[in-house]
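Peer 1: My structure is below; once you've seen it, I'll send some questions.
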Amino acid sequence: MPGRKKSPSFEETTGNSLDARQRLLETGARLFADQGFEAISTRQLAKEADVNIAMIAYYFGSKEELLKAIFAEKFPQMRSHLEQLQNQDISPWEKICLAIDLYIDRILSQSAMTKLIFREMSFSHRPQVKEFLLAGLERNWSILYQLVNEGKEQGIFRESVNPRMVFFTFFSTIAQMVNSRSMAMHFLGIKNWDEVHTLEFQQMVKSYFKELFGAYLIQST
7 MPGRKKSPSF EETTGNSLDA RQRLLETGAR LFADQGFEAI STRQLAKEAD VNIAMIAYYF
67 GSKEELLKAI FAEKFPQMRS HLEQLQNQDI SPWEKICLAI DLYIDRILSQ SAMTKLIFRE
127 MSFSHRPQVK EFLLAGLERN WSILYQLVNE GKEQGIFRES VNPRMVFFTF FSTIAQMVNS
187 RSMAMHFLGI KNWDEVHTLE FQQMVKSYFK ELFGAYLIQS T
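Terminal number for the sequence shown in my numbering: 227, no gaps in between.
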């Protein structure tokens, strides 16, 4: 019928690409982290991801559900790595050192995701998203707490050690680094933010936390 708007085909909806859904997830994570969830319209999101705007509703239903999907994709991946680490036949301290390596590698290579997570945890006007986010994080963090408790049970770590305080210190420091780049660059003597992606810088951060936690955790003989 003349003048009737044509509905988008499946190919148009997916941007003629099988990875269009993934592009929306990655673009959403970057834009939401840099500019804030409210500042990004569905039209801008679709344009940046190079997909038809109908794709957002097609795959996610809404922008808020897209945000939840971004978190839902990442948390199980990290949990799988932590479970593999937990099942290794090594000491609890060695497992914690590997967990530090894992998180530093992931966080500094995916700083947009880290920034987005801590941005959402700081706001309360999306309670369902925040509840979903905290539940996913807690499932992963529970493995870290178990590693500390395992070390305490074996007499490797001091009995007075607080597992939650250990990793609150870790994640709070990393969050401050990612969310307050200018402050982090000043205190750490970084001239260019790209330096955080170098092996030298990442090794420095890993060594710092291992020395810090080793001094706090390990039972003196």
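All residues carry an ideal CB built from backbone N, CA and C; glycine is no exception.
Computed from a prediction, not measured in an experiment: that's the story for all the values here.
Check the C-beta distance from L153 over to K101 and give it rounded, since I have them as a contact under 8 Å.
Peer 2: The Cβ separation is near 5 Å, so the contact holds.
Peer 1: Considering only DSSP beta bridges, list what F163 is partnered with.
Peer 2: Bridge partners of F163: I224.
Peer 1: Quick one: what does DSSP say F66 is sitting in, helix, strand or coil?
Peer 2: It is coil, neither helix nor strand.
Peer 1: From G142, E126, E165, pick the residue whose C-alpha is nearest to that of M84; which is it?
Peer 2: Minimum Cα distance to M84 is reached at G142.
Peer 1: Among S117, Y64, H87, which residue has its Cα nearest to the Cα of D40?
Peer 2: Nearest C-alpha to D40: S117.
Peer 1: Does the distance from the C-beta atom of G161 to that of Q94 stay below 8 Å?
Peer 2: No, the pair does not count as a contact, with Cβ atoms beyond the cut-off.
Peer 1: Is the stretch 63 to 81 touching the stretch 26 to 34 in the sense that three or more CB pairs, one from each, lie closer than 8 Å?
Peer 2: Touching, per the Cβ criterion.
Peer 1: DSSP three-state call for H272: helix, strand or coil?
Peer 2: Nothing can be reported for residue 272: it is not among the residues displayed for the chain, which extend from 7 to 227.
Peer 1: Rank T179, S186, S188, L31 by C-alpha distance to the C-alpha of I106 and give the top, closest one.
Peer 2: Residue T179 is the option with its Cα nearest to I106.
Peer 1: When you compare the CB positions of N185 and F124, do they come within less than 8 Å of one another, or not?
Peer 2: In contact: N185 and F124 (Cβ atoms closer than 8 Å).
Peer 1: Of the residues F43, P82, I113, which one's Cα is nearest the Cα of H203?
Peer 2: Answer by Cα proximity: I113.
Peer 1: Among the residues of its own chain, which have a CB less than 6 Å from the CB of T120, if the five just before and after it don't count?
Peer 2: Excluding sequence neighbours, T120 sits near I113, V184.
Peer 1: Whole angstroms are fine: how far does the CA of I62 sit from the CA of Q182?
Peer 2: Each residue's Cα considered, the two are about 32 Å apart.
Peer 1: Over what stretch of residues does the alpha helix (DSSP H) that includes N185 continue unbroken?
Peer 2: Looking at the DSSP string, the run of the alpha helix (DSSP H) that includes N185 is 169 to 185.
Peer 1: Within 10 angstroms of the Cβ of F5, are there 16 or more other Cβ atoms? Answer buried if so, exposed if not.
Peer 2: Residue coverage of the chain in this structure runs from 7 to 227, which leaves residue 5 outside it and unanswerable.
Peer 1: Hey, which unbroken runs of the alpha helix (DSSP H) at 4 residues or more fall wholly within the stretch 53 to 125?
Peer 2: Correct list: 60 to 65, 69 to 92, 98 to 115.
Peer 1: Going by alpha carbons, who is nearest to D56 out of N146, F176, R170, L31?
Peer 2: It is L31.
Peer 1: What is the DSSP secondary structure of N198, reduced to helix, strand or coil?
Peer 2: Looking at N198 - three-state DSSP - the assignment turns out to be coil, as it is neither helix nor strand.
Peer 1: Look at P98 and G157 and say whether their C-beta atoms are less than 8 Å apart.
Peer 2: A contact, by the Cβ cut-off of 8 Å.
Peer 1: Expressed to the nearest angstrom, what Euclidean distance is found between the alpha-carbon atoms of F138 and G34?
Peer 2: Straight-line Cα distance between these residues: approximately 17 Å.
Peer 1: Over the uninterrupted alpha helix (DSSP H) stretch that includes F43, give me the two end residues.
Peer 2: Note, F43: premise wrong, no alpha helix (DSSP H); not H, not E.
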